[in-house]
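Engineer:
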Amino acid sequence: MRPPTLSPTARRALTAALGTITFCLVFTGLSLRPRAVPWYDPIGRQWAVVLRWPTPAQPGMDWYGRLLVASATAVGVAGAVQLVTARVRSSIPADSFLPMALAINTLMAFWLCAFVYVWTLGHRELRPTPPMAFERTSPVPPRPAGGAGL
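Take the sequence shown: its letter number 1 is residue -14 in our numbering, and every next letter is one higher.
1. Check whether the region 22 to 36 and the region -1 to 9 are in contact - that is, three or more C-beta pairs closer than 8 Å.
2. Is the region 14 to 24 touching the region 52 to 70, taking contact as three or more C-beta pairs under 8 Å?
3. Suppose you measure from the CA of Leu10 to the CA of Cys98; what does that come to, to the nearest Å?
4. Exposed or buried, what is Pro84 when buried is set at 16 or more other beta-carbons lying within 10 Å of its beta-carbon?
5. Report buried or exposed for Phe8, applying the criterion of at least 16 other Cβ atoms within 10 angstroms of its Cβ.
6. Provide the residue span of the beta strand (DSSP E) that contains Val34, from first to last.
7. Hey, quick one: how far does the alpha helix (DSSP H) through Val22 stretch, first residue to last?
8. Give the DSSP-derived three-state secondary structure of Arg72 in the structure shown.
9. Do you know offhand how far Gln67's Cα is from Tyr102's?
10. Going by Cα to Cα distance, which pick from Arg(-4), Gly50, Ile28 and Leu87 is closest to Thr40?
11. For the candidate residues Leu(-1), Ala65, Ala21 and Ser(-8), whose alpha-carbon lies nearest to that of Ala86?
12. Quick one: measure Cβ to Cβ for Thr70 and Arg(-4), integer angstroms, because I've assumed they're closer than 8 Å.
13. Please classify Val62 as buried or exposed, where buried requires at least 16 other C-beta atoms within 10 Å of its C-beta.
14. Enumerate in chain order the residues of its own chain whose CB-to-CB distance from Phe95 is below 7 Å, with the five nearest sequence positions on each side excluded.
In structure tokens, the structure reads:
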């Protein structure tokens, strides 16, 4: 007699665990080692896929790009796990400790990756941005004497 397929609870637990761990590893890995990710330019309102932000005088945000890449990867892995486990036969009983163990281990991996990410943020070397062109050419005008303009 063939064993039954995985229970829906075990499938959901396995899918959520592997999807979450994939998200954590990709998101943290992108912050540990420079990779080309989508950067958002809030002034130009456009996206660019670059290794480093090319114009340090303008703000650029890579957090959204890293979040997008990690989320897409996690959804892809979770979908693949759902498809594969739909046909997998297992002798694991439906009321086993597997879903709870996966949830506990996934939370531990999530907090470990969160700690590593915060550590990388704390140890980044931020280069000062050069002054903008208008700051170099025009000094701040002096305030009028006598409190005029208040």
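Glycine included, C-beta positions come from ideal geometry on N, C-alpha and C. Here the structure is a predicted model, which means the values were calculated and not measured.
Structural biologist: So, from the listed chains and residues:
1. no
2. yes
3. For Leu10 and Cys98, the distance between alpha carbons rounds to 7 Å.
4. buried
5. buried
6. Gln31 to Val35
7. Element bounds for Val22: not the alpha helix (DSSP H) but the beta strand (DSSP E), Val22 to Asp26.
8. It is coil, neither helix nor strand.
9. 28 Å
10. Ile28
11. Leu(-1)
12. 5 Å
13. buried
14. Thr5 and Cys9
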